[in-house]
Structure formats: structure tokens, C-alpha cells
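Data first, discussion second: the structure below is written as C-alpha cells.
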Amino acid sequence: MAATEQDILEGLGKIINEITGIPAGEVTPDKSFVDDLDIDSLSMVEIAVAAQDEFGVEIPDDQLKNLKTVKDVLNFIQN
Amino acid sequence: MSANRVRVVVTGLGATTPVGGDVTSTWAALLAGQSGVKAITEDWVDTVPVKFAGTAAVDPAEVLPRPEARRLDRSEQLAMVAAREAWQDAGAPDVAPERLGVVVSSGIGGINTTLAAYDTYKERGWNRLSPFTVPMLMPNGPAAWIGLDLGAQAGVHATVSACASGAEAVGYALDMIRAGRADVVVAGGTEAAIHPLNMAAFAAARAMSTRNDDPAGASRPWDRDRDGFVLGEGAGIIVLESEEHARARGARVYAYASGVGFSADSHHITQPEPEGRGVIMAMTQALTDADVTGVDVKHVNAHATSTPAGDVIEVQAVAKAIGTHPLVTSTKSMTGHLLGGAGGIESIFTIKALHERLVPATINLDNPDEGIEVDLVFGENRRLPGGDIAAVNNSFGFGGHNVAVVFKGA
Numbered sequence: 001m002a003a004t005e006q007d008i009l010e011g012l013g014k015i016i017n018e019i020t021g022i023p024a025g026e027v028t029p030d031k032s033f034v035d036d037l038d039i040d041s042l043s044m045v046e047i048a049v050a051a052q053d054e055f056g057v058e059i060p061d062d063q064l065k066n067l068k069t070v071k072d073v074l075n076f077i078q079n
Numbered sequence: 080m081s082a083n084r085v086r087v088v089v090t091g092l093g094a095t096t097p098v099g100g101d102v103t104s105t106w107a108a109l110l111a112g113q114s115g116v117k118a119i120t121e122d123w124v125d126t127v128p129v130k131f132a133g134t135a136a137v138d139p140a141e142v143l144p145r146p147e148a149r150r151l152d153r154s155e156q157l158a159m160v161a162a163r164e165a166w167q168d169a170g171a172p173d174v175a176p177e178r179l180g181v182v183v184s185s186g187i188g189g190i191n192t193t194l195a196a197y198d199t200y201k202e203r204g205w206n207r208l209s210p211f212t213v214p215m216l217m218p219n220g221p222a223a224w225i226g227l228d229l230g231a232q233a234g235v236h237a238t239v240s241a242c243a244s245g246a247e248a249v250g251y252a253l254d255m256i257r258a259g260r261a262d263v264v265v266a267g268g269t270e271a272a273i274h275p276l277n278m279a280a281f282a283a284a285r286a287m288s289t290r291n292d293d294p295a296g297a298s299r300p301w302d303r304d305r306d307g308f309v310l311g312e313g314a315g316i317i318v319l320e321s322e323e324h325a326r327a328r329g330a331r332v333y334a335y336a337s338g339v340g341f342s343a344d345s346h347h348i349t350q351p352e353p354e355g356r357g358v359i360m361a362m363t364q365a366l367t368d369a370d371v372t373g374v375d376v377k378h379v380n381a382h383a384t385s386t387p388a389g390d391v392i393e394v395q396a397v398a399k400a401i402g403t404h405p406l407v408t409s410t411k412s413m414t415g416h417l418l419g420g421a422g423g424i425e426s427i428f429t430i431k432a433l434h435e436r437l438v439p440a441t442i443n444l445d446n447p448d449e450g451i452e453v454d455l456v457f458g459e460n461r462r463l464p465g466g467d468i469a470a471v472n473n474s475f476g477f478g479g480h481n482v483a484v485v486f487k488g489a
């Protein structure tokens, strides 16, 4: 995949901003979706649907529940 | 009716319509005789025989915060915009959650979502659907979202009766307060149905005007050259409140919501009953419920959708149930027909007419049809008298549903 981690982070930031209104700049690798960003499970599904389209990856439900932090998503997309 | 019955007042108004994004701009447009009907610019227009509609003057998705708008069907967006205006207009009443209710209806529900989501499912699979697809398409969605927004716990309802839905919501809300189940109820109707399937389906029912060369002149209730209704979209929401609750907090009172009548034609699934039997029954019940006589009623905001059959039957029924004296207008000549939203916005127009003692003229009414005895308002706006007067808002729907709501001047 050609996208760098920084590209993916920026793309993810835009998606999360679109869905939740959280400023894209607050979406940093160390953040937990639930504890830091206050994103609920249905919003996570919305984010996953958008991320699948944006980055051309499939995120199965049993994988989605393991993606606790922004870094987890970055790793998942890159791998 | 018992003299000690709970009286209900209207303390807040909110609307987003084809002629304005709020009540003030909408009312000004109606008084200026402006049509909100315009040519459809979407690509699909070539596939349907009717090429115009009353699209909302202000896109609700541009008004709401982006994360909120994307979780709401357009019918829910419009309802949320109107509900927030109404709530603020009422002074954001301080009411216990268990004494606050919501009754907001649409005739068709989240059909834009239903059809778009089906395309997504077919083309890209189930896991590309938004997890909010169901609350976007369910017809109780607008009421439910507004209830959540306001924290209403006394009951959140969505009465569905096609084009009578919005008026039925107002009537149901009135009854909720009178039954003692709530002190404040947010009520009205919404619709966002300008989709090629609806345009095609209503055209297939031969119900719509096809005056494609003159969209602004297409909705012409009672005119000899009328040829069907014009589809519009938008929402109208009011805040109803027990008089005791409103007076205690010093609220501004626009009008009394005094009575409602419901009936069913039991005649034909889409055609009006020719003698107006059910329509007369609804109006007569509403007057009795409001404890007013026909003489007290000085204004009727008619359902009159510009269809060949329905318009004249309605005013002949008005003549029988109320008399020939009321000033009768059809604001659908300007807004088009908002289906489930109609009873919401037209309740507001009836209330505004009472509050300002001014009835907006029906536009495009160049040659009134034969057989009409009531005092149609056209050519210029007309003043209502001072004093203790009443007005009626009529709404009827496919299925034979009839609703009449009586408001009294405050």
C-alpha cells in the first residue's frame, strides 16, 4: 500500500470528524476511541464502513471490536 | 363540553418550507403571494412526467451540524430544524421530562433512506449500510429524534394517516394534554418525499399537476384550470401547552388549540366521498369539541390540494358544516402539498392568521370553479375581525382520513 501512516491518520481524522464532529487534529495514534474520544459502538461501525471505502480494506466485526485505539486502526489498515 | 376542562394554548411555532427556512420568512412569503414551486434540476427528472416540486427553501443538511445531519433522513432533518425553532420560540419551557410529550408524523417516512440504502445493499453489500439505516427509515424516526433532543418522557408518538398525518398529530397532542398525560407537547408533521419513485407513483395515480411549462402556476386550488396537486417538502411543528402551565411561566400565547374532529370516509381508498360526509363529520365534531358554533369560525385553512375532485367537495362541506361566511384560503397554492407535513405547516398558518388577524390569499386562483359559495380569499390578503373568533384547519388523506382542528384567537 502506497499510503503512509501519516496519510492514513489524516484520512481517518477526516472520517471521524465527519461522523462525530471531533476535530481531526484530536485524532492521534495514542487516543482510545471509547475512553478519549467518547465514540460509541454504532459510531465505530460508521467509521469502519467509511474506512473500508476510503482505504480499500475489509474490517470484519470480530476484528472491529479489537480496534481500541487510533493506532490499532492504523496498524490494521497498513497490514 | 365541560366548563372545567383543561384548556390548551399554542406557545411556539417552527417551520421550514418551500417558501422559507423559518416561520418568519415563510409567513412573509405567503403574505407576498410567493410560490415555492420550482423546476426539478436532478438528472432523474427526465424519467418522470411531472418535472417540478416545492423543494425546501433552505437545505436542512446545511443548517444542522454535519455529524447530526448524516444520521437523519431528510424528513427527520426538516423536523428537527422546525422543532428546535418552535422550542426556542416557546422560550424553551421548563417542564419536567415526564410531563413533556412529542407527536410528530410523516405520511411516507424515510423513503429517501429506504431506497438509497436498498441500492447500497444491492450494489455493495449489507456491511456498507449505515448502522443508523433503520432509525432513518422508520416513520416514527422524526418524533423519536425530537423526543431524544428534548428529553421527552410523557410519550413520543407518530400518527400516520397519509396527508392528514400532521393534523392528526396536532389533534392527538391536544388530547394528550386534555387527558392529563402531559403539560407540554411538541406536535406537527414533516415530509421529504421528492424522490423519483414518489413522483412516478403519484403520477401513476393521476393525482399530480403536469403543468410543466409553469411550475409556479401549477398549484391552483379551486381554479377552473387546476389539474392536480404539486408535491412539496418541509416541516411544521408547534408547541402545545396547558394554559395553566403556560400562564404560570408567563409564556406568549399565540392562540388556543380548542378542538379536533376525526372521521373516516369509508368510501374509497383514494377518491373523496362526493357528498363530503366524512369531512362534514370531522368539522362538526371539531366545532362541538371546541364549544364553538359555525358563526364563530371566521377562517378556514382548507386542505384544497388543487385536485379536480377534492377542492370543491371540501368547500361545499365547509358551507354545510360551518357556513358560507368564513374566509377560506389554500396556502398549498404557494407551498405545494407537503403530504404528512401539510397539517403541521397549515396549523401554523391558521394560528398566524388568527394572531395577526390576516389571511393570506390563495394564488393562481384566476377563475373560481362553479358550485363554490364560501368566501374564497384571492387577489389580495384579507383582514379577520377582532374579538373572540375561531379558525379551522382541515387535512384529509389517502385512505379516507379526515381531521379538522379548531384554533381560537387568544
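Same order as they appear, the protein sequences are chains C and E. For what it's worth, our numbering labels the leading residue of the first sequence as 1, then goes sequentially. For what it's worth, our numbering labels the leading residue of the second sequence as 80, then goes sequentially. Ideal Cβ placement from N, Cα and C applies to all residues, glycine included.
- DSSP, read as helix, strand or coil, puts E/D454 in strand.
- Counting C-beta atoms within 10 angstroms of its own C-beta, E/Q167 has fewer than 16 neighbours from the protein chains shown and is therefore classed as exposed.
- When secondary structure is reduced to three states using DSSP, E/R462 falls in the strand class.
- In this structure, the beta-carbon distance from E/V89 to E/L319 falls below 8 Å.
- Sequence-distant partners of C/P23 (beyond 5 residues in either direction) whose C-beta falls short of 6 Å from its own C-beta are missing from its chain.
- For C/L42, at least one C-beta of chain E is nearer than 8 Å to its own C-beta.
- Less than 8 Å separates the beta-carbon of E/V379 from that of E/P405.
- A Cβ of chain E is located within less than 8 Å of the beta carbon of C/I19.
- Each of E/T408, E/A195, E/P144 and E/A132 was checked against the Cα of E/G311, and the nearest Cα belongs to E/A132.
- Beta bridge pairing from DSSP links E/V181 with E/V235 and E/V265.
- Contact between the stretch 120-139 of chain E and the stretch 286-293 of chain E is present, with at least three C-beta pairs closer than 8 Å.
- Annotation for E/I317: the continuous beta strand (DSSP E) segment containing it runs G313 to S321.
- Assignment of beta strand (DSSP E) within the stretch 317-396 of chain E, counting only whole runs of 3 or more residues, yields 334-343 and 376-380 in chain order.
- Proximity to E/T410 across E/D302, E/I424, E/A158 and E/G338 peaks at E/I424, based on C-alpha coordinates.
- For E/R207, the chain C residues whose C-beta falls within less than 8 Å of its own C-beta are V49, Q52 and D53, listed in chain order.
- DSSP places E/A140 outside any beta strand (DSSP E); the residue lies instead in the alpha helix (DSSP H), whose first and last residues are P139 to V142.
- Here the alpha carbons of C/I8 and E/L437 stand approximately 60 Å from one another.
- Under DSSP, E/V438 takes part in a beta bridge, and its partners are E/R461.
- By the rule that beta-carbons nearer than 8 Å mark a contact, C/V45 touches chain E.
- Annotation: the continuous alpha helix (DSSP H) that includes C/N75 extends over V70 to Q78.
- Closer than 8 Å to the CB of E/R153 there is not a single CB belonging to chain C.
- Chain C places no beta carbon closer than 8 Å to that of E/R299, leaving this residue out of the contacts.
- E/P144 belongs to the set of residues whose beta carbon lies under 8 Å from a beta carbon in chain C.
- Under the Cβ distance rule, E/R149 counts among the residues neighbouring chain C, one pair being separated by less than 8 Å.
- Around C/E58, the same chain offers Q52 as residues with beta carbons nearer than 7 Å, after the five sequence neighbours per side are excluded.
- In this structure, E/V482 lies away from E/F308, with their beta-carbon atoms at least 8 Å apart.
- E/V160 places its beta carbon less than 8 Å from that of E/T95.
- Within a 10 Å sphere around the beta-carbon of E/E202 sit fewer than 16 other beta-carbons, which makes this residue exposed.
- Proximity of chain C to E/P210 at the Cβ level (cut-off 7 Å) is accounted for by L42, V45 and E46, in chain order.
- Following the DSSP letters along the chain, one finds C/K65 in no beta strand (DSSP E), marked with neither H nor E.
- Here C/K31 carries a coil assignment [DSSP, helix/strand/coil].
- Under DSSP, no beta-bridge partner is assigned to C/E18.
- By the beta-carbon neighbour count (other beta carbons within 10 angstroms, threshold 16), C/K65 is exposed.
- Taken atom to atom, the span from the alpha-carbon of E/E354 to that of E/A398 is near 12 Å.
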